[in-house]
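Numbering (my numbering), first residue to last: 1 to 890. Virtual Cβ for every residue (Gly too), placed ideally from N, Cα, C. Fair warning: this is a prediction, and the values are worked out from it, not measured in the lab.
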RNA sequence: GCCGGAGUGGCGGAAUGGCAGACGCGCUGGACUCAAAAUCCAGUGUCCUUCGGGACAUGUGGGUUCAACUCCCACCUCCGGUACCA
């Protein structure tokens, strides 16, 4: 009668844990602490996906295990709840995003509770909670109030920013402007996707092939005022501090490459204040400039008379045969000669129309246009033509390059298209895999190191030395200097959405209601700034502005100290809320601070952070950046938030393809729990394979672990009885030596496997235990109890039920984890393989204590081995005690 | 193109220098049963076999070693990330 029935026991124990607050975490840890964090989910309308419980089960096992080891465990859960879908739903149906979001959260919470995770639910939070985003806004104010001191490599209060005397003298407004230019949060005009037909600004993913995803209306890119965060200031620290972290090396490398630090040189090419008929700068003016530079040195900001470029290959300066500037470069107009004006204008307009995507997609064929002007190469005084091409990006380096077609593949392709000269200046040397003759003839590009040729006084210098030498020489002449660049860009921090955190910023208005350009930040006391309660979600706009531009006037306009202000109408991106949630979990109800510093110091950093690899770069980089700013400004005690990181692998559908609605291979956790129970789902997700691996789902596999749980049940419970009673084999008896050995072997393996997060093999070892004890007529109660404890982190409901059946009155969640006794593991007799020339020929039984000579003797005595040895000469014998014997024969 | 990860039975996977295929799925046979379900037991890499055993086998080719899935070199395939970053 009492069959294993998860549908009954799982809700029973979930209620017990909830009623008894079994997993409530104290405000401060008692003894050793462990902070185990899951990447919190975005509560989508589709509900939980089987990918979610994968990482969540892994962390839950670690937490339950560590609690049994007496560790104070912090294990919270919450919701990354801002997001576009709720807003799109609002546009369609008029349902406020908050309503949709709360409904979705309810579904997610129910589903997670159904899986029996040991979260401290009292710490639950959502990024959309006003009490939460109050502090997100607070952190924005900190960013706004911080500038980066490059000397000290540290963020400091804006009030401490040294103001140059000429700025102070100019006006108070100039000082304000100077400060605004140096804040970590600053404004910039950046292109957005404006769809006039829909009257709205679209996110990149809402634009497909140049038209809106919804309705297929044309989309244009036009500049709009945006908020940026100066993450590039922290690039060096974000790169260096990776060394402190126990993250997978591949993820560290990913971040390193994303930051993309490169070292090289900036060099000024003279273009002159006016040009001769032929577009070339006047020689006289050039020489005057050289003399000035020699005396005055390198200016921090280049004047109009030079084109400043960045290169990592200053050693190839003699091979520069032309220059390229980006279509958006400020010099485009100045450098364009009248006869080229029409062509240049046409080209730049075309480039502006292309989205970033188009620009990379059409990257196959190089395009460009000649400006008609020339610059002078400072190393050989030669005038070289200046071109405009979109293969040079305005956002990297100085937006201008010297082109060395012989030693750069992109420059080479461009030179081929426009028939520009190619001068080799690096000799690769004679190596069979380098087409040296083709290079010297200008038929291929060679980008590696070599020895300088065609480089005047530098001929014969190896590339690395050349780089150092020329940097010094250029610096002495005031023509260049060493420089560092990053691929990492500043973070575009504003979105044109309603459903996001409003910025705590006001724009001052003049008498006519026009913005004066002056900003006013709200004070922390003014927070939270909530979204407007009443909002026309379906409003269309006749000019590109965020949805909040149509917010009710009583929200939009503010009068303070007799001045009228317009609220910032952009909102923050979804990343904002997830950048610091791990701090708020520690002190979720605090209304005085984002987190109590004492609590923060006691629990941080996160010891284990588990989530999908899709967040390997952006989320983790953004969160690390915020954490460093908070550290610099004294809000947190450490420089890094996440000490150890593990990425769980994706779970594929049964057909081995990515799970998706359109492929029809989505597995719903509700259905799995209904048919097999939460313990089976948890166990299967861990049994599928290594946590980090990508692996396909199998319902038959779920059934397999379900059968295992049923065997565990029958191991201890009499399922033929009418009432709940123990299997008669379970007795108060002393275990035999063999039973003890099996038990302790299992304890050892499971313990070590949990420590190394090899959950699949831990489960395999428990299966072996059950297979063994199933055959035992007597199953000592003490052994069964220890096994239940081992199983409990994996299948907590079943374990609690069996624990109770064995007569315990309280939860096993804090029972001491069973220790293993190494002495009990030792076997008297071991089976040892015997090899001849590395091939297995026999097996011998030997005392575990047998020495090498004894083992060799036993091996020779084995009939099969003797047969193989007959008539051969043993050249060498290798004996590894307790492992194997190998005879090398001739 | 560049960077990263992975290739082992019919399938998911185990073994990180020492008996390849633990554990599970599937399959085959058996027990129980009037029968079925459930459960339990046994077998299960491929080929050859005189039924003793033998040969081959961890993507491919080479190397190091008494011994290689494991270490080294070259290559192939698949997956993920990234994309003109000077």
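Beta-carbon separation of residue i and residue j under 8 Å?
{"i": "residue 610", "j": "residue 59", "result": "yes"}
{"i": "residue 22", "j": "residue 73", "result": "no"}
{"i": "residue 651", "j": "residue 695", "result": "yes"}
{"i": "residue 843", "j": "residue 831", "result": "yes"}
{"i": "residue 46", "j": "residue 77", "result": "no"}
{"i": "residue 9", "j": "residue 797", "result": "yes"}
{"i": "residue 575", "j": "residue 618", "result": "yes"}
{"i": "residue 280", "j": "residue 383", "result": "yes"}
{"i": "residue 717", "j": "residue 6", "result": "no"}
{"i": "residue 525", "j": "residue 516", "result": "no"}
{"i": "residue 237", "j": "residue 628", "result": "yes"}
{"i": "residue 503", "j": "residue 231", "result": "no"}
{"i": "residue 531", "j": "residue 522", "result": "no"}
{"i": "residue 712", "j": "residue 781", "result": "no"}
{"i": "residue 321", "j": "residue 440", "result": "no"}
{"i": "residue 150", "j": "residue 486", "result": "no"}
{"i": "residue 805", "j": "residue 726", "result": "yes"}
{"i": "residue 911", "j": "residue 657", "result": "Absent from the model: residue 911. The displayed extent of the chain is 1 to 890, so no value can be given."}
{"i": "residue 161", "j": "residue 640", "result": "no"}
Of all the options the options, which has the alpha carbon lying nearest to the alpha carbon of residue i?
{"i": "residue 835", "options": "874, 253, 635, 791", "result": "874"}
{"i": "residue 406", "options": "313, 343, 473, 555", "result": "313"}
{"i": "residue 671", "options": "43, 27, 49, 2", "result": "49"}
{"i": "residue 488", "options": "390, 616, 233, 430", "result": "233"}
{"i": "residue 80", "options": "825, 40, 160", "result": "40"}
{"i": "residue 541", "options": "192, 550, 533", "result": "550"}
{"i": "residue 927", "options": "353, 740, 182, 824", "result": "A question about residue 927 goes unanswered here, because the residues of the chain that appear run from 1 up to 890."}
{"i": "residue 66", "options": "768, 752, 201, 781", "result": "752"}
{"i": "residue 483", "options": "868, 467, 377, 493", "result": "467"}
{"i": "residue 189", "options": "344, 494, 567", "result": "494"}
{"i": "residue 821", "options": "804, 766, 876, 742", "result": "742"}
{"i": "residue 642", "options": "51, 246, 138", "result": "246"}
{"i": "residue 579", "options": "860, 420, 681, 127", "result": "127"}
{"i": "residue 789", "options": "746, 724, 200", "result": "746"}
{"i": "residue 138", "options": "31, 758, 584, 777", "result": "584"}
{"i": "residue 527", "options": "501, 823, 174", "result": "501"}
{"i": "residue 744", "options": "824, 721, 431, 136", "result": "824"}
Which residue marks the beginning of the alpha helix (DSSP H) containing residue i, and which one marks its end?
{"i": "residue 752", "result": "737-755"}
{"i": "residue 128", "result": "From DSSP, residue 128 is part of no alpha helix (DSSP H); its letter is neither H nor E."}
{"i": "residue 784", "result": "781-791"}
{"i": "residue 627", "result": "618-632"}
{"i": "residue 242", "result": "Segment: none, residue 242 is in no alpha helix (DSSP H) and carries neither H nor E."}
{"i": "residue 347", "result": "341-353"}
{"i": "residue 284", "result": "283-296"}
Whose C-beta lies closer than 6 Å to the C-beta of residue i among residues of the same chain, with five residues either side of it excluded?
{"i": "residue 273", "result": "305"}
{"i": "residue 475", "result": "481"}
{"i": "residue 362", "result": "At residue 362 the pLDDT is 48, less than 50, meaning the model places this residue with poor confidence; the figure from the coordinates comes in the next sentence. Excluding positions up to five away in sequence, the list is empty."}
If you drop the 5 nearest sequence neighbours on each side, which residues of the same chain put their C-beta closer than 7 Å to that of residue i?
{"i": "residue 878", "result": "886"}
{"i": "residue 603", "result": "29, 33, 35, 74, 586"}
{"i": "residue 87", "result": "97, 497, 498, 499"}
{"i": "residue 763", "result": "683, 686, 687, 794"}
Tell me, to the nearest whole angstrom, how far the beta carbon of residue i is from that of residue j; I am working on the premise that it is less than 8 Å.
{"i": "residue 471", "j": "residue 480", "result": "7 Å"}
{"i": "residue 783", "j": "residue 735", "result": "5 Å"}
{"i": "residue 311", "j": "residue 265", "result": "6 Å"}
{"i": "residue 869", "j": "residue 888", "result": "Going by Cβ atoms, the distance from residue 869 to residue 888 rounds to 11 Å, so no, they are not a contact pair."}
{"i": "residue 55", "j": "residue 678", "result": "Not a contact, Cβ separation roughly 16 Å."}
I'd like the span of the beta strand (DSSP E) that includes residue i, first residue to last.
{"i": "residue 480", "result": "480-485"}
{"i": "residue 251", "result": "From DSSP, residue 251 is part of no beta strand (DSSP E) but of the alpha helix (DSSP H) over 249-259."}
{"i": "residue 507", "result": "505-509"}
{"i": "residue 183", "result": "Here residue 183 belongs to no beta strand (DSSP E), and DSSP marks it neither H nor E."}
{"i": "residue 387", "result": "383-388"}
What I want to know is whether the C-beta of residue i ends up closer than 7 Å to one or more non-hydrogen atoms of the ligand MG.
{"i": "residue 368", "result": "The ligand content of the structure shown is nil, which means the ligand MG is not present either."}
Please list, in chain order, all residues of the same chain as residue i whose beta carbon is under 8 Å from its beta carbon, the five residues on each side excluded.
{"i": "residue 108", "result": "41, 43, 47, 48, 79"}
{"i": "residue 615", "result": "39"}
{"i": "residue 850", "result": "858, 881"}
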